[in-house]
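Note sheet for the following structure.
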Amino acid sequence: FTTCQVSTSVVEPYNTVLSTHAFLEHTDVAVIMDNEAIYDLCMHRLDIKRPFYSNLNQVVAQVISSLTASLRFDGLLNVDMTEFQTNLVPYPRLHFMLSSYAPLISNSKATHEQLKIPEITFSAFQPTNMMVKCDPREGKYMACCLMYRGDVIPKDVSAGIAIVKKKKMVEFVDWSPCAFKCGINSEPPAKPPGTCFASNLKRALCMISNSTAVGSIFSRLDRKFDLMYAKRAFVHWFVGEGLEEGEMTESREDLAALEKDYSEAGGASPAPEDDIDPDEE
């Protein structure tokens, strides 16, 4: 997705709006990531002074590996891939997910960091651990999937979630008050050769969540798109490649509707009306 400050292409807002329009029609679950957020994670968490794309790809690969671990290894409470859609998507259009990973630390920090279940659960909900520039505290969670790997038991998972609730780090929409889905896989995370991840980690957590805060990402994207499209800047290149200009307008309107959908999902539900006895006049 397009980033706040760092961009690799001038027409990135156009590309992202057009691709998001396609994602709405052709995907069931989409996990949002951006280079700037992962770049910051590499610098501040993994102590890489000048991250390369290979470092960013290693972080992404670690997240994807956790998402698919249940297909390769046994566990106490494996989460099947098909369960993501069932548990995380309350409405078909609202299928854009935030993701985070913990612990994301270097070897030098691993010796003095607390890596117990409550600590890594707490870290996963921190805005600085998100794979996209988005603060979940600006919205409400609709659903949350926590996928633990390694030396993990259900009792510790329950204790970790209880701490997160106690510190009020998570606020759910009122129509989904406690939408946690937990998975436990017995295989600990591996350290690929040549990476800066801490070695010999006994446990890790990957979180995928559906939050109304995602709407702020689309709002930021809409603003960038409008600034360029108001002047029809660079549009001729897309038209020259066979894209009709009306497709750009349609994609922008679809994204505005999606932003509104997320806003409405986070609103309070209407109070139930009192039952009326039909015999009463």
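This note's numbering puts the last residue of the sequence shown at 355; the count rises by one with no breaks.
Heads up, the beta-carbon is just placed ideally off N, CA and C, and yes, glycines get one too.
No experiment lies behind these values; they were computed from the predicted model shown.
Subject >> For residue 178, the nearest candidate out of 288, 272, 109 (CA to CA) >> reply: If we check each option's Cα against that of residue 178, 272 comes out closest.
Subject >> Neighbour-count burial assignment, residue 242, 16 or more Cβ in a 10 Å radius >> reply: An exposed status is given to residue 242, since fewer than 16 other beta-carbon atoms sit within 10 Å of its beta-carbon.
**OP:** Using a threshold of 8 Å, state whether the C-beta atoms of residue 270 and residue 175 are closer than that.
**Re:** Pairing residue 270 with residue 175 gives a Cβ-Cβ distance that is not under 8 Å.
**OP:** Go ahead and pull the three-state DSSP assignment for residue 172.
**Re:** In this structure, DSSP gives residue 172 an extended state, which the three-state scheme calls strand.
**OP:** Round the Cβ separation of residue 283 and residue 205 to the nearest angstrom and send it over; I've been treating them as touching at under 8 Å.
**Re:** At roughly 11 Å, the Cβ-Cβ gap does not stay under 8 Å, so residue 283 and residue 205 are not in contact.
Subject >> Sequence-distant residues of its chain with Cβ nearer than 6 Å to residue 291 (five each side left out) >> reply: Hits under 6 Å: 208.
Original post:
In chain order, what residues of the same chain lie with their CB nearer than 8 Å to the CB of residue 293, ignoring the 5 residues before and after it?
Top reply: Counting only residues of its own chain and dropping the five nearest sequence neighbours on each side, residue 293 has a CB closer than 8 Å to the CB of 333.
**OP:** Quick one: give me the first and last residue of the beta strand (DSSP E) that residue 258 is part of.
**Re:** Residue range 254 to 259 is occupied by the beta strand (DSSP E) that includes residue 258.
Original post:
Can you list, in chain order, the residues of its chain whose CB lies under 6 Å from that of residue 95, leaving out five sequence neighbours each side?
Top reply: Contacts found: 325, 328.
Subject >> C-alpha distance - residue 154 paired with residue 161, whole-angstrom precision >> reply: The alpha-carbon atoms of residue 154 and residue 161 are separated by roughly 11 Å.
Original post:
Hey, out of 97, 218, 275, whose CA is closest to residue 253's CA?
Top reply: The residue among 97, 218, 275 with its C-alpha nearest the C-alpha of residue 253 is 218.
**OP:** Classify residue 237 as helix, strand or coil using the three-state DSSP reduction.
**Re:** Reduced to three states, the DSSP call for residue 237 is helix.
Original post:
Is the region 131 to 151 touching the region 257 to 268 in the sense that three or more CB pairs, one from each, lie closer than 8 Å?
Top reply: The region 257 to 268 makes contact with the region 131 to 151; the number of CB pairs closer than 8 Å reaches 3 or more.
Subject >> Contacting residues, own chain, Cβ-Cβ under 7 Å from residue 77 (five flanking each side not counted) >> reply: Non-local C-beta neighbours of residue 77 in its own chain, meaning closer than 7 Å and more than five positions away in sequence, comprise 108, 109, 110, 207, ordered along the chain.
**OP:** Report the three-state DSSP secondary structure of residue 179 (helix, strand or coil).
**Re:** DSSP places residue 179 in coil when its eight states are reduced to three.
Original post:
Where residue 103 and residue 169 are concerned, what is the direct C-alpha to C-alpha distance, given to the nearest angstrom?
Top reply: Using only the alpha carbons, I get a separation of about 5 Å.
Original post:
Where does residue 222 sit, in a helix, a strand or coil, going by DSSP?
Top reply: When secondary structure is reduced to three states using DSSP, residue 222 falls in the strand class.
Original post:
Quick one, which of 88, 138, 298, 275 has its alpha-carbon nearest residue 317's?
Top reply: Minimum Cα-Cα distance from residue 317 among the listed residues 88, 138, 298, 275 corresponds to 88.
Original post:
Any idea what DSSP makes of residue 151, helix, strand or coil?
Top reply: It is a strand residue.
**OP:** Specify, as a first and last residue, the run of the beta strand (DSSP E) that residue 270 falls within.
**Re:** Unbroken run through residue 270: none, as it is neither H nor E.
Subject >> Status (buried if at least 16 other CB within 10 Å, exposed otherwise) for residue 203 >> reply: Buried, since its Cβ has 16 or more Cβ neighbours within 10 Å.
Subject >> Best match in 212, 311, 132 for proximity to residue 85 [C-alpha to C-alpha] >> reply: Of the listed residues, the one whose Cα sits closest to residue 85 is 311.
Subject >> As assigned by DSSP and simplified to three states, the class of residue 280 >> reply: In the structure shown, residue 280 sits in a strand (DSSP, three-state: E or B).
Subject >> residue 197 to residue 298 span [Cα, whole Å] >> reply: Spanning the two alpha carbons is a distance of roughly 31 Å.
**OP:** Identify, in the order they occur along the chain, each residue of the same chain with its Cβ nearer than 6 Å to the Cβ of residue 150, setting aside the five sequence neighbours on each side.
**Re:** Closer than 6 Å at the Cβ level, and outside the excluded window around residue 150, lie 258.
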